[in-house]
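Numbering (our numbering), first residue to last: 7 to 347. Report on one structure; see the data block that follows.
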């Protein structure tokens with residue numbers, strides 16, 4: 007009980023700091039106004055805003071680097087103000103996303119500047135580590151580098167990444183299991199909102215796994231692909247995996263979690279995993295905002311800020327590369343993850 011009371015006090019202190027830092031984030035309206043600018047005009051507008059770390063030159067990579075450094079700065083401030091369980095869970099999720107993107111980039115042979123796209127630095131993977139890992143030529147080298155860094159995901163992925171042809175789905179699944187283990191330990195010392203966030207994240211990733219299994223039949227048993235810890239039952243997951251299309255799979259999944267606010271995001275995704283990931287993030291931010299009004303002393307305000315920071319970092323990446331590629335303004339705006347206030 008004393009630990010829970012202390013963690014609640016830490017959360018309240020961190021929440022107060024997060025509310026202040028939230029004024030440094032871009033709103034959806036401001037981000038939409040930046041869509042359609044060319045790269046130079048975008049870099050100039052961001053520099054004038056005073057909300058990002060210095061942008062070294064007018065390139066998508068430089069804008070992304072500034073966004074990552076800005077996120078790292080905000081997270082360092084919050085780390086000094088406590089709320090250990092919430093930050094541990096958040097960092098575990100960002101580690102999962104970071105390693106996943108770096109492995110995928112290595113397998114695909116993506117240019118190193120693009121592999122770090124939209125990533126948020128963490129204590130285990132600071133900016134310099136992300137940049138170094140993005141330069142590794144193979145998935146095996148990424149995993150070996152993670153071993154040297156002492157990253158907790160390394161033992162789970164080393165053998166998988168070292169195969170002649172690494173299977174991305176298997177790597178994703180190993181990283182999700184690592185997140186589930188790490189977050190379960192931390193969430194025990196948090197409140198209901200933190201435990202719900204862990205369940206939400208696992209449900210989202212289980213749904214994405216099901217959609218990918220339906221879209222790309224492979225020699226992988228669906229039964230071995232379910233990760234426990236969310237609100238979805240394994241039987242419902244297996245039923246969804248047996249669907250004959252991604253659209254039907256999404257319908258199965260939304261009914262399996264019908265009592266949660268994630269269900270609408272799953273249904274509206276139409277079976278597109280990338281769209282589901284964006285919709286889930288936006289819906290989770292909205293949920294945290296509602297919970298923060300109901301219980302201002304919970305971890306919800308802090309989680310809301312952290313998720314908005316993730317969304318903003320990803321959105322700045324979309325704006326930068328959209329500007330570089332000359333993407334239609336309407337398309338860039340439609341893919342922004344930051345929700346309307």
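C-beta: ideal position from N, C-alpha, C; glycine also. Being a predicted model, the structure only gives us computed values, none of them experimental.
Where residue i falls: helix, strand or coil (DSSP)
i	result
residue 121	helix
residue 62	coil
residue 206	helix
residue 57	coil
residue 20	helix
residue 95	helix
residue 199	helix
residue 178	helix
residue 44	coil
residue 245	helix
residue 222	coil
residue 113	helix
residue 342	coil
residue 185	helix
residue 170	coil
residue 194	coil
residue 7	Because the pLDDT at residue 7 is just 48, under 50, the model does not fix this residue reliably, and the value given afterwards should be weighed accordingly. In the structure shown, residue 7 sits in coil (DSSP, three-state: anything other than H, G, I, E or B).
residue 31	coil
residue 233	coil
residue 86	coil
residue 239	coil
Top-ranked residue by Cα proximity to residue i, from the options
i	options	result
residue 347	314, 172 and 111	314
residue 25	309, 197 and 134	309
residue 226	174, 137, 190 and 128	174
residue 71	112, 260, 27 and 323	323
residue 339	27, 42 and 23	42
residue 47	329, 341 and 166	329
residue 286	247, 50, 208 and 21	208
residue 275	210, 321, 229 and 303	210
residue 111	319, 128 and 139	139
residue 245	64, 260 and 236	260
residue 198	91, 59 and 311	91
residue 178	255, 93, 113 and 332	113
residue 58	73, 254, 93 and 122	73
residue 99	204, 146, 336 and 20	204
### Message
At 4 residues or longer, what runs of the alpha helix (DSSP H) sit wholly inside the stretch 116-168?
### Response
You should have 118-121, 133-140, 145-155 and 160-167.
### Query
For the stretch 252-331, which segments carrying the alpha helix (DSSP H) assignment without a break, of at least 4 residues, lie completely within its bounds, in sequence order?
Correct list: 252-262, 268-274, 279-300 and 306-331.
### Query
Does the stretch 288-298 come close enough to the stretch 175-192 that 3 or more CB-CB pairs lie under 8 Å?
Short answer: they don't touch.
### Query
Taking contact to mean at least 3 C-beta pairs separated by less than 8 Å, is the stretch 209-222 in contact with the stretch 165-172?
Judged by pairs of C-beta atoms under 8 Å, the stretch 209-222 does not touch the stretch 165-172, as fewer than three such pairs exist.
### Task
Inspect the CB distances between the stretch 48-66 and the stretch 294-307 and report whether three or more fall short of 8 Å.
Taking a cut-off of 8 Å for Cβ pairs, the stretch 48-66 and the stretch 294-307 do not touch, as fewer than three such pairs fall below it.
### Task
Could you tell me whether the stretch 262-282 touches the stretch 77-92, where touching means 3 or more Cβ pairs closer than 8 Å?
Flag = no, the stretch 262-282 and the stretch 77-92 do not touch.
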